[in-house]
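Numbering (the numbering used here), first residue to last: 1 to 352.
This report refers to the structure that appears directly beneath it.
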């Protein structure tokens with residue numbers, strides 16, 4: 001799935017070149033890194049990308065290993081359940097009993113051998129059981145920016161990866177609740193990654209979200225004729241927005257969670273970059289042509305000119321794409337609100 005706008009990384013991330021198309025961490029765009037992680041596990045011809053219609057060409061450029069026809073663009077955003085149904089249709093058009101993983105294009109991972117083993121184990125279990133597999137991440141600190149999965153009884157071990165029943169999904173907690181979750185040893189971060197077979201997905205949609213089952217059925221017919229784009233154009237305008245978590249994962253009772261022990265970061269907002277770049281002696285994260293005097297704890301990115309800061313602390317300062325942003329680090333989540341407010345004004349579209 002590669003349809004996000006990455007608005008919390010504005011102004012570097014824009015609707016024309018969102019987060020997944022940026023080399024935020026590493027030398028390649030995040031989506032190219034996501035494709036590279038599958039090398040040796042899934043051949044390029046079996047990797048599909050569901051993105052926005054206006055990002056198809058840029059996505060092809062960022063992920064040149066994939067066949068162009070495997071990158072499909074939604075005409076309008078209808079949240080993740082529709083994207084999953086579209087992906088399911090593309091897989092079913094080739095293999096009615098196929099097993100596939102749903103991954104996101106904008107995360108950063110390490111310990112890739114463990115990640116691949118987790119996918120292998122999950123795909124093996126999904127092939128032989130009527131289950132929906134999700135990947136939980138072993139928490140390393142009491143994060144308040146992620147949803148959590150409460151794990152239950154042991155299910156099975158596959159590829160040296162532990163799988164447990166998933167008892168419930170919970171929303172982003174406050175600090176005290178997050179600390180309790182981590183201390184319990186039962187709660188894992190919700191990574192938003194899933195593995196299932198086509199029949200298991202269809203059964204779950206039928207039980208919990210019939211609208212998405214109908215969408216998947218219709219799109220499968222179009223995909224078999226090589227007309228998936230026409231199919232989305234015909235069906236999407238009539239769809240409501242619903243996430244796959246709400247449509248399925250919070251309702252189904254046959255969910256199994258892989259205990260993910262690999263490094264994972266969803267790189268959700270500017271402060272996440274502090275984990276991926278070295279800080280100077282004053283704790284500043286400096287990216288690009290940046291100078292600082294008597295300043296500490298700042299995140300400063302300057303794309304194409306010098307940015308200098310004096311006597312400031314704990315700020316996000318970004319100069320990119322003709323925009324300068326200054327924001328306290330503890331209000332990083334409000335950058336998305338600024339993007340929404342600017343969009344409503346109607347005169348800044350080229351900068352968003």
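Note that the Cβ used here is the ideal one computed from N, Cα and C, for glycine as well.
Given the structure is predicted, the values throughout are model-derived calculations rather than measurements.
Could you have a look at residue i and say whether DSSP puts it in helix, strand or coil?
i, result
"residue 124", "helix"
"residue 148", "strand"
"residue 99", "strand"
"residue 296", "strand"
"residue 115", "helix"
"residue 131", "coil"
"residue 194", "strand"
"residue 108", "strand"
"residue 280", "coil"
"residue 247", "helix"
"residue 143", "coil"
"residue 61", "helix"
"residue 349", "helix"
"residue 219", "helix"
Grab the span of the alpha helix (DSSP H) containing residue i for me, first residue to last.
i, result
"residue 39", "Neither: residue 39 is in no alpha helix (DSSP H) and is coded neither H nor E."
"residue 258", "Taken as a continuous stretch (DSSP letters only), residue 258 belongs to no alpha helix (DSSP H), being part of the beta strand (DSSP E) at 255–260."
"residue 205", "198–208"
"residue 385", "The question about residue 385 has no answer here: the residues shown for the chain are numbered 1 through 352."
"residue 175", "175–184"
"residue 229", "228–235"
Taking 7 Å as the cut-off, decide whether the C-beta atoms of residue i and residue j are in contact.
i, j, result
"residue 189", "residue 137", "yes"
"residue 11", "residue 321", "yes"
"residue 150", "residue 174", "no"
"residue 293", "residue 316", "no"
"residue 6", "residue 52", "no"
"residue 147", "residue 171", "yes"
"residue 45", "residue 67", "yes"
"residue 50", "residue 35", "no"
"residue 223", "residue 90", "yes"
"residue 8", "residue 336", "yes"
"residue 96", "residue 142", "no"
"residue 155", "residue 163", "yes"
How would you write the range of the beta strand (DSSP E) that residue i sits in, first residue to last?
i, result
"residue 87", "That residue, residue 87, is in no beta strand (DSSP E); its alpha helix (DSSP H) goes 79–92."
Taking the DSSP output, what are the residues bridged to residue i?
i, result
"residue 165", "256"
"residue 302", "288, 319"
"residue 1", "Residue 1 is not bridged to any residue."
"residue 327", "316"
"residue 308", "291"
"residue 73", "51"
"residue 137", "189, 260"
"residue 170", "148"
"residue 157", "162"
"residue 265", "108"
If you pair each beta-carbon of the stretch 216–234 with each one of the stretch 74–87, do three or more pairs fall below 8 Å?
yes
Three or more C-beta pairs under 8 Å: does that hold for the stretch 122–136 against the stretch 244–253?
yes
May I ask you to verify whether the stretch 295–309 touches the stretch 261–280, counting CB pairs closer than 8 Å and requiring at least 3?
yes
Pairs of beta-carbons, one from the stretch 119–128 and one from the stretch 281–290, closer than 8 Å: are there three or more?
no
When the Cβ atoms of the stretch 258–268 are set against those of the stretch 98–118, are three or more pairs found closer than 8 Å?
yes
Counting pairs of Cβ atoms below 8 Å between the stretch 103–110 and the stretch 18–32, do you hit three or more?
yes
Should the stretch 56–64 be called in touch with the stretch 215–228, which here means at least 3 C-beta pairs below 8 Å?
Three or more beta-carbon pairs separated by less than 8 Å are not found between the stretch 56–64 and the stretch 215–228, which leaves the two stretches without contact.
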